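Just so we're aligned: 198 in our numbering is position 66 of the sequence shown, and the numbers increase by one with no gaps anywhere.
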Amino acid sequence: MSTPTRESIRRTIADRMLDSLEDLVRRHRALALDEQPAGEQVDLHAELIAAEVAHELAVVRSALHRHPPLG
133 MSTPTRESIR RTIADRMLDS LEDLVRRHRA LALDEQPAGE QVDLHAELIA
183 AEVAHELAVV RSALHRHPPL G
């Protein structure tokens, strides 16, 4: 069994981020269609999406800092 390379780890991190963001979009689109939020709920929904995206970015940024590119 071979040890993963730094670049393969970074690709895995990027793939995970993209999958997570796609799941987030899918969930929130379904929520928007089911509830059809109005007024204050729209603002809350937008804030929830922003918080989830910010969380995903923080997770990815942390993972990439642990595995910086070479050269």
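Glycine included, C-beta positions come from ideal geometry on N, C-alpha and C.
Predicted, not measured: the structure shown is a model, and the values here were computed from it.
Segment limits, alpha helix (DSSP H) that includes residue i
i	result
Leu180	Glu172 to Arg198
For residue i, the nearest candidate out of the options (CA to CA)
i	options	result
Glu184	Thr135, Val174 and Asp155	Asp155
Ala178	Pro200, Val157 and Ala146	Val157
Arg159	Val191, Glu172 and Leu180	Leu180
Length of the line joining the Cα atoms of residue i and residue j
i	j	result
Ala188	Leu176	According to the sequence provided, residue 188 is Glu. The question's Ala does not apply to it. Each residue's alpha carbon lies about 18 Å from the other.
Pro136	Met149	18 Å
Pro201	Ala182	28 Å
Ala186	Ala146	15 Å
His199	Val192	11 Å
Ser194	Asp151	17 Å
Stretch-stretch touch, CB-based, cutoff 8 Å, three pairs: the region 156 to 166 with the region 134 to 143: Result no; under three Cβ-Cβ pairs closer than 8 Å.
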